[in-house]
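A.B. asks: Have a look at this one before I ask anything.
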Amino acid sequence: MEPVEINAGAWYLRALRADDRVDDRPALADLGVVDPAFVTDTAHGWAEETHLSWAVCEPTTGELVALIEARPVDDTHADVTGTARTGHEVALAASLPPVRRFVGGALGLTPLP
């Protein structure tokens, strides 16, 4: 599966990036994600449908303010989790429901928790 972008009202959800135009790694480090291969690994996760992730972004700047991840745990369920940078908890709260709907509708999995 290719990464899917989601419009979550005031927030824009997109695949993680680390290229010459956008580098999410500094923002991910603020969230405690310091593995330099994390962005590449999540691209593989999309392709294999084993680890789907979204950068929750400020739509005008593209800055990552939160991270949401969905990981299938069996044939019927997926863990959906997220974490926000300090001061951006509202962005995470607004973005989790659309991701849960995507997991349920597009993947046919029941989101947990």
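Read in order, the letters of the sequence shown are residues 1 to 113 in my numbering.
Built from N, CA and C at the ideal position, the CB exists for glycine as well.
To which residues does DSSP link residue 54 through a beta bridge?
C.D. replies: Residue 54 pairs with 68.
A.B. asks: Should the stretch 36 to 47 be regarded as contacting the stretch 57 to 66, the criterion being three or more beta carbon pairs within less than 8 Å?
C.D. replies: Touching, no.
A.B. asks: Should residue 59 go down as buried or exposed, given a rule of 16 or more other Cβ atoms within 10 Å for buried?
C.D. replies: It is exposed - the Cβ of residue 59 has fewer than 16 other Cβ atoms within 10 Å.
A.B. asks: Nearest by alpha-carbon distance to residue 56: which of 1, 50, 9 and 101 is it?
C.D. replies: Checking every option, the nearest Cα to that of residue 56 belongs to 9.
A.B. asks: Comparing C-alpha positions only, which one of 77, 82, 35 and 28 sits nearest to residue 110?
C.D. replies: Taking only the C-alpha atoms, the option nearest residue 110 is 77.
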